Ligand code: SF4
Ligand code: SF4
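Chains as they are written, first to last, in my numbering: chain A, 1 to 178; chain B, 1001 to 1293.
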């Protein structure tokens, strides 16, 4: 399995339900968040507009955060999900600085870093990640990118899955539909 | 997502201390290997005494800065050869051991509790090892930052050149404060070359940023025109490079420059070296990889 996601930005209502769902599901400390909904300038003159762009850890295939981690606390699991073992994390915050998407945060209380896990604890029980399930507009579609028949793969193939900051060469596994 | 900078003053001090120690080791070793007879004994000795101190203090601060300081030993049980921080941890441990032993061999014989057979030969061997090791430590303080594609201000090899030159220059200045005046001309000559090279490298780094990708331009923009602009131009460039460089050139030319002025130049170089790490660490964390080249 190679877990990934597509995001249909055009559907996004900017309601923030995914942010609340993630916070509640993962008990994210106040003032921190594992996902976001950004407003970006999009298009070229004269068609400049604002695009609402939800995001989170891109679960990069070429993840700088995993490479720079000096203890091996950050790792990629068998399904391609970038995870963090808090027992091994010394809180050096190197991984935070290495992430081009600013997907990680430092948790003052535990002294460790944390981030989006694709809700692997839910996926293990064949449930969707909290942000995916909660979204009233079905902006995020989650699944196995190795399975060509899965909706996530079909959407990416049909509607051109662009990744954010391709120049960072991180090979993200979240694709933005055009 | 995060708002505050991940790395603050303690990391700045750590990077500066690492560079200062590395520079002191390189200068002491060079003086030992080049100097015939008693030519540079003070530089060799005081450099050897200086080398282990900042790096050990700086490493202690780094450990203290971790989210979980008591778990620092995890750095040494993992095998993470692609992580600059992992490589750096081992490098610093090795460097600290070598510089401590090297400093011990420079102690007056009556202070040495353990007798080391062939002490002088060992000192030379350690100098030969300490030279590349010191260079590696100085380079590491920049590579730690430089590998991060996400931070365009840091993501250039020029940063390593800059930090190495600044490390040597800071060490030369520190040695000027703790060696007798007879050996100052040698230090000062070296420092003039180092300051000139450092100024050129800094200019090159800014120029490279301005003319290459928009991310790089934004990166050097944060340094030269953002929150750090004043400490950068006034502190690093003017008071840290140009003014002390000017004083040292005058001192080298006209033999009579008040000693207080030379001392002031040395302090300015040290403060400038510290401020360089400060602005690079802070501005670098504000620089982000932009979308599109
Ligand atoms: S988005 Fe950031 S945290 Fe997630 S895998 Fe990529 S580099 Fe790591
Ligand atoms: S903060 Fe933790 S996970 Fe991140 S690089 Fe350091 S040890 Fe690894």
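Quick reminder that beta carbons are idealized off the backbone N, C-alpha and C, glycines included. Remember, it's a predicted structure, so these values are computed and weren't measured experimentally.
Beta-bridge partners assigned by DSSP to residue 98/A: none are found. Around residue 48/A, no beta-carbon contact reaches into chain B at under 9 Å, the shortest distance being about 14 Å.
Comparing alpha carbon positions, the residue from 1064/B, 1148/B, 1245/B closest to residue 68/A is 1148/B. Taking the Cα of residue 1280/B as reference, the smallest distance to any Cα among 1155/B, 1174/B, 1289/B, 1069/B is reached at 1155/B. Relative to ligand 1, residue 34/A has its C-beta separated by 7 Å or more from all heavy atoms. Comparing alpha carbon positions, the residue from 61/A, 89/A, 102/A closest to residue 1074/B is 89/A. Among the CB atoms of chain A, none fall inside 8 Å of the CB of residue 1253/B. Put simply, the backbone Cα of residue 1033/B is about 7 Å away from that of residue 1127/B.
The C-beta distance from residue 59/A to residue 28/A rounds to 18 Å, too long to fall under 8 Å, and the pair is not in contact. Look at the region 62 to 89 of chain A: the residues with a C-beta under 7 Å from a C-beta of chain B are 64, 67, 68, 69, 70, 71, 72, 88. Taking a Cβ-Cβ cut-off of 8 Å, residue 1184/B has no neighbours in chain A, whose nearest Cβ is about 40 Å from it. Secondary structure note for residue 175/A: its beta strand (DSSP E) is the uninterrupted segment 174 to 177.
Residue 1131/B does not reach chain A, its nearest Cβ partner there being about 26 Å away, counting only Cβ pairs nearer than 7 Å. Environment of ligand 1, chain-ordered: 57/A, 58/A, 59/A, 60/A, 63/A, 64/A, 65/A, 82/A, 99/A, 101/A, 103/A, 104/A, 115/A, 170/A, taking every residue with Cβ within less than 6 Å of a heavy atom. Contact annotation: residue 1248/B and residue 1265/B have beta-carbon atoms nearer than 8 Å.
In the structure shown, the three-state DSSP call for residue 39/A is strand. Scanning its chain for C-beta atoms nearer than 8 Å, with the 5 sequence neighbours on each side dropped, one finds around residue 161/A the residues 6, 155, 175, 176, 177, in chain order. Residue-level contact by beta carbon fails for residue 45/A and chain B, as no gap is shorter than 8 Å. Per DSSP, residue 109/A lies in no alpha helix (DSSP H) segment and is marked neither H nor E. In the DSSP assignment, the residues bridged to residue 51/A are 40/A. Short note on residue 90/A: C-beta closer than 7 Å to some heavy atom of ligand 2. Check the Cα spacing between residue 1052/B and each of 1062/B, 1065/B, 1017/B, 1076/B: the tightest is with 1017/B. Residue side-chain check: residue 1102/B keeps its Cβ at 7 Å or more from all non-hydrogen atoms of ligand 2. Taken from the Cβ of residue 93/A, at least one heavy atom of ligand 2 lies inside 7 Å.
Chain order gives the chain B residues near residue 106/A as 1002, 1006, 1067, where near means a beta carbon separation below 7 Å. Per DSSP, residue 146/A lies in no beta strand (DSSP E) segment and is marked neither H nor E.
Within chain A, 70 have C-beta atoms less than 7 Å from the C-beta of residue 1086/B, given in sequence order. Interface flag for residue 25/A against chain B is unset, since no Cβ pair is found closer than 8 Å. At a C-beta separation below 9 Å, residue 112/A has these neighbours in chain B: 1067, 1068. Taking C-beta atoms under 8 Å as the contact rule, residue 1150/B and residue 64/A qualify, at a distance of about 7 Å. Residue 1031/B sits buried, since 16 or more C-beta atoms from the chains shown fall within 10 Å of its C-beta.
When secondary structure is reduced to three states using DSSP, residue 74/A falls in the strand class.
With three or more CB-CB distances shorter than 8 Å, the region 2 to 21 of chain A counts as touching the region 29 to 38 of chain A.
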